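Chains as they are written, first to last, in this note's numbering: chain S, 365 to 475; chain U, 365 to 475.
From the three backbone atoms N, C-alpha and C, an ideal C-beta is built for every residue, glycine too.
Just so you know, these numbers come straight off a predicted model, no measurement behind them.
Single-structure report; data block below.
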DNA sequence: TCAAATATATAATATTCTTATGTATATTTG
DNA sequence: CAAATATACATAAGAATATTATATATTTGA
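Shown next, in the form of structure tokens:
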């Protein structure tokens, strides 16, 4: 089962940030594969969603990039900036809090 | 603290459906107020997001509507259809599953 | 050798929300 | 009793973001 895209939309950036926090340095394709593996295929990030998000994070100064060549193939690594580390903590805390609220909402029993 | 709008986007319809499941019959304004109360003001649905969503649910046959007059003021009640009840269960299950996956992702510890 | 996997990127389109606006009635407070 | 606030629905213009498709190129394995 794949999750509906609306669900992923709201959490996409937080997922990216969390992975960068744990792995220090990652490239786009690696992020899609890691998310796919960690979620047993339930979350499959598409390029059309991932790259614009990564570029936005870069423009906001949340991540910095380095380009490397693996043979002749280009690879762009993303790393959290100092500001990005702070931002990441905030986003993760917000998501944890949000999930607690949602859990409460979904737990409400019929009268 | 208010949650960022992206987070709410993904779960808006599921929240509406869950409330309709528990309360049988609700009108738009009532939904905004109930969500606000249940979340201690952390989720504040705007009309611009709520009404288009409700109209979409109606167009999809997930909810049916009845209009009533309270004095001279109009009030539009929304109720889950039979198909809507099934759909609601699916959406709730999906969200619960998704939150478990997110919890797992967020729990990953540094190596 | 050729298909699949690896790897990044963008453009056109679609979707959906934000913000603002509009309409109208009802209630509370100074 | 006037003004402010709350109730109640709705839509439109613009913004933001994702989907889908496309483009390019290398590497690996059957």
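> Does the ligand PLP have even one heavy atom less than 7 Å from the beta-carbon of residue 440(U)?
Replying inline: As far as ligands go, the structure on display features none, and thus does not contain the ligand PLP.
> Which residues in the same chain have their Cβ closer than 6 Å to the Cβ of residue 448(S), if we skip the five residues on either side of it in sequence?
Replying inline: Along the first chain, one-based indexing puts residue 448(S) at 84. Shown here for residue 448(S): same chain residues with a beta carbon closer than 6 Å to its own, the five before and five after excluded, namely 426 and 427 in chain order.
>> Alpha carbons only, please: which of 472(S), 421(S), 462(S) and 432(S) is nearest the one belonging to residue 381(S)?
In response: Translated into positions along the first chain, residue 381(S) becomes position 17. The option with the nearest alpha carbon to residue 381(S) is 421(S).
> Taking C-alpha atoms, which residue in 370(S), 366(S) and 389(S) lies nearest to residue 431(S)?
Replying inline: Sequence index remark: in the first chain, residue 431(S) carries index 67 (1-based). When only C-alpha atoms are compared, the closest one is 389(S).
>> If the criterion is Cβ atoms closer than 8 Å, does the pair residue 433(U) and residue 391(U) meet it?
In response: Sequence index remark: in the second chain, residue 433(U) carries index 69 (1-based). Sequence index remark: in the second chain, residue 391(U) carries index 27 (1-based). No. Outside cutoff.
> Measuring CA to CA, which of 446(U), 451(U) and 394(U) is closest to residue 415(U)?
Replying inline: As a first step, residue 415(U) must be located in the second chain, where it is residue number 51. Residue 415(U) has its Cα closest to that of 394(U), out of 446(U), 451(U) and 394(U).
> For residue 371(U), does the count of other Cβ atoms within 10 angstroms reach 16, so buried, or fall short, so exposed?
Replying inline: Residue mapping note: residue 371(U) aligns to position 7 of the second chain, counting from 1. Buried: at least 16 other Cβ atoms inside 10 Å.
> So residue 444(S) packs on residue 385(S), CB below 8 Å; how close in whole Å?
Replying inline: Start at 1 with the first residue of the first chain, and residue 444(S) comes out as number 80. Start at 1 with the first residue of the first chain, and residue 385(S) comes out as number 21. The pair is a contact, with the Cβ atoms about 6 Å apart (cut-off 8 Å).
> Out of curiosity, what's the CA-to-CA distance linking residue 383(S) and residue 404(U)?
Replying inline: The count along the first chain starts at 1 and reaches residue 383(S) at position 19. The count along the second chain starts at 1 and reaches residue 404(U) at position 40. Each residue's Cα considered, the two are about 31 Å apart.
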